[in-house]
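What follows is one structure encoded as structure tokens, with my remarks underneath.
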Amino acid sequence: MEKITAIRGFKDILPEDARRFWEVESIARQVFNSFGFQEIRTPIMEKTELFQRSIGETTDIVEKEMYTFADRDNEFLTLRPEATASVIRAYIEHNMSAAEQITKLFTIGPMFRRERPQKGRFRQFNQIDVELFGEDKPQSDAEIIFMLMHFLTSAGLKDLQLEINSLGCASCRPVFSQAVINFLKGSEKNLCPDCQRRINTNPLRVFDCKVETCADTIANAPTILDFLCADCESHFAQVQSFLKDLRISFAINPRMVRGLDYYTKTAFEVKSNALGAQNAVAGGGRYNGLVSSLGGPEVAGIGFGVGFERLIVCLPEDGKNKFKTDLFIATLGEQAQKFAFTLTNELRRSGISAEMDYADKSLKSQLKRADKLNSSFAVIIGDKEISEKQAILRNMKTKDQQTIPLDDLLKSIIKIIKER
RNA sequence: GUGGGUGUAGCUCAGCUGGUUAGAGUGCCGGGUUGUGGCCCCGGAGGCCGAGGGUUCAAAUCCCUUCACUCACCCCA
809 MEKITAIRGF KDILPEDARR FWEVESIARQ VFNSFGFQEI RTPIMEKTEL FQRSIGETTD
869 IVEKEMYTFA DRDNEFLTLR PEATASVIRA YIEHNMSAAE QITKLFTIGP MFRRERPQKG
929 RFRQFNQIDV ELFGEDKPQS DAEIIFMLMH FLTSAGLKDL QLEINSLGCA SCRPVFSQAV
989 INFLKGSEKN LCPDCQRRIN TNPLRVFDCK VETCADTIAN APTILDFLCA DCESHFAQVQ
1049 SFLKDLRISF AINPRMVRGL DYYTKTAFEV KSNALGAQNA VAGGGRYNGL VSSLGGPEVA
1109 GIGFGVGFER LIVCLPEDGK NKFKTDLFIA TLGEQAQKFA FTLTNELRRS GISAEMDYAD
1169 KSLKSQLKRA DKLNSSFAVI IGDKEISEKQ AILRNMKTKD QQTIPLDDLL KSIIKIIKER
């Protein structure tokens, strides 16, 4: 029989990691709540058009990375490659802008992109995504970056590098783009084939190219910061000033270009050395024209996404907590096992994690299993104890043992464990 | 989609230029203690050597094909 394996790029999250996911998620909820963000859950599938319109027709994500297929009525559906579009769709659909001036949302869940898998990149991956609508002040940019950094450090990440940039707006970015195109046109022959193509499709991407000749060529190119309009320039300066007030250290990376078309003004990325080539744990930016371009009102927006799997990789090893059991009930003999079966389940009903064995194993092997389950206590009941109407409670760490009458065994155990 | 690396026990890996019953560590099960875990000692189970084909008296080892995993590129969290 041939083994059936998981789909390429789709990973099982095994218990040890699932536990870390759960822990990071609860930290996220707690941090975001304290900044006034509330959770929203949107479907993992949307109409294909939503992503085409938001992410941009010519981006790699839309051109070749989406899981898109025709539904039975021939409507095209897509497994979401990112969360922002869905959250905005929900924001517009439920008319949230009418209910309040400022809306703060976050969502956690799986995203799908059909890329070739590598370290830190999967076809199904989880993101923590935050969006803030209705606020264009630079304070909100600084605040959301502050929240991101606070969350990441709370989760246990160290040695993070924050990079920020401004991508300009609809009035100043085109001027800059044209300037880059003009600059590159002069030295096209020094560029790799990819970059020669990019001059026409997405010239700013050349800044990202790792080919040496391209990097050398682009090194002397003008940067966006020389072209910002008065409004964008002042906004960016204030963002920096507020970040300093919040004592957040950052580097300005004038060459940072983000892959989604919708960003305006502030863009940012958080990198970690613990990762491989895909070293960004989180990235985000402002997207002031996006909501209206999707049919909503003219509201500003800013947000970020955190790669969950990447975050987990950055976590220090000792951050993992082992699974623990409160007590293991070891039995010898039929009477004892029958008694223990009821006891075990009653303990569980009281919220105590209890385990026992049904396989008539030796006491030694039962205690061995208690040890492996990281059990704090063991109860030993043999038919002898049943006839004497008492049981042995063993502290697995100190090896102390005490006998307890069977009559109030349940109560005694609950008391001892809960008082511990 | 393109390129490099790797596929041998549950896991991590050894197996030199082909040579007979394919190994280690760890984990698992059992015993040493006829009712007491971790340490130690002893024993055991567990492999169509990724799959298919070829060369050969003989293939885990050499050749071809294919698949998977992995890292990197494009791009992104």
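Here this note's numbering is used: the first residue of the first sequence is 809, the next is one more, and so on.
Built from N, CA and C at the ideal position, the CB exists for glycine as well.
- Annotation: residue 1069 to residue 1075 spans about 12 Å, alpha carbon to alpha carbon.
- Close CB contacts of residue 1177 within its chain, under the 6 Å cut and outside five residues either way in sequence, are absent.
- Taking 7 Å as the cut-off, the beta carbon of residue 1029 is found no closer than this to the beta carbon of residue 1065.
- Between the alpha carbons of residue 834 and residue 1078 lies a distance of about 21 Å.
- C-alpha of residue 874 to C-alpha of residue 888: approximately 8 Å in a straight line.
- Residue 1202 and residue 1184 have their C-alpha atoms roughly 9 Å apart.
- The beta carbon of residue 1228 is closer than 8 Å to those of 1184 in its chain, skipping five residues each way along the sequence.
- Cα atoms of residue 862 and residue 872: separation of roughly 15 Å, rounded to the nearest angstrom.
- Contact check for residue 1188 against residue 1138 passes: the beta carbons are separated by less than 7 Å.
- The alpha-carbon separation between residue 932 and residue 1186 amounts to approximately 42 Å.
- In terms of Cβ geometry, residue 976 and residue 1026 do not form a close pair [threshold 7 Å].
- Counting only the Cα atoms, residue 907 lies some 57 Å from residue 1205.
- Apart from the 5 residues on each side of it in sequence, residue 1039 has no Cβ closer than 6 Å to any other Cβ in its chain.
- By the Cβ test, the region 1100-1116 is not in contact with the region 989-1006, since fewer than three Cβ pairs between them sit closer than 8 Å.
- Among the bridge pairs identified by DSSP, residue 974 is matched with 1074.
- Contact between the region 1132-1151 and the region 915-924 is absent: fewer than three C-beta pairs spanning the two stretches fall below 8 Å.
- Residue 1225 and residue 1135 do touch by the CB rule: their CB atoms are close to 7 Å apart, below 8 Å.
- Between the C-alpha atoms of residue 1007 and residue 1020 there is a straight-line separation of about 17 Å.
- Per DSSP, the unbroken beta strand (DSSP E) holding residue 933 starts and ends at 932-941.
- Excluding residues up to 5 positions away in sequence, 972 and 973 lie with their Cβ nearer than 7 Å to the Cβ of residue 1060 in the same chain.
- With contact defined as three or more Cβ pairs closer than 8 Å, the region 950-960 and the region 825-839 are in contact.
- Boundaries of the beta strand (DSSP E) around residue 1213: 1209-1213.
- Positions of the alpha helix (DSSP H) runs, each at least 4 residues long and wholly inside the region 835-912, are given as 856-863, 892-901 and 904-907 in order along the chain.
- Looking at the backbone, the Cα of residue 1095 and that of residue 1073 are separated by about 8 Å.
- The region 1034-1049 makes no contact with the region 888-904: fewer than 3 CB pairs, one atom from each, lie closer than 8 Å.
- By DSSP's assignment, residue 919 forms a beta bridge with 933.
- With respect to the C-alpha of residue 848, the residue from 821, 912 and 855 having the closest C-alpha is 912.
- Looking at the backbone, the Cα of residue 1148 and that of residue 1164 are separated by about 8 Å.
- Secondary structure of residue 967 (DSSP, three-state): coil.
- Listed in chain order, the non-local C-beta contacts of residue 1119 below 6 Å within the same chain comprise 1089, local neighbours out to five positions each way being set aside.
- In the DSSP assignment, residue 1134 falls within the unbroken beta strand (DSSP E) covering 1133-1140.
- In this structure, the alpha-carbon of residue 894 lies about 16 Å from that of residue 1071.
- If you ignore the 5 residues before and after residue 1047, its C-beta comes within less than 6 Å of the C-beta of 946, 949, 950 and 1074, all in its own chain and listed in chain order.
- For residue 1008, the uninterrupted alpha helix (DSSP H) run begins and ends at 1001-1009, by DSSP.
- Taking C-beta atoms as the reference points, residue 941 and residue 832 fail to come closer than 7 Å.
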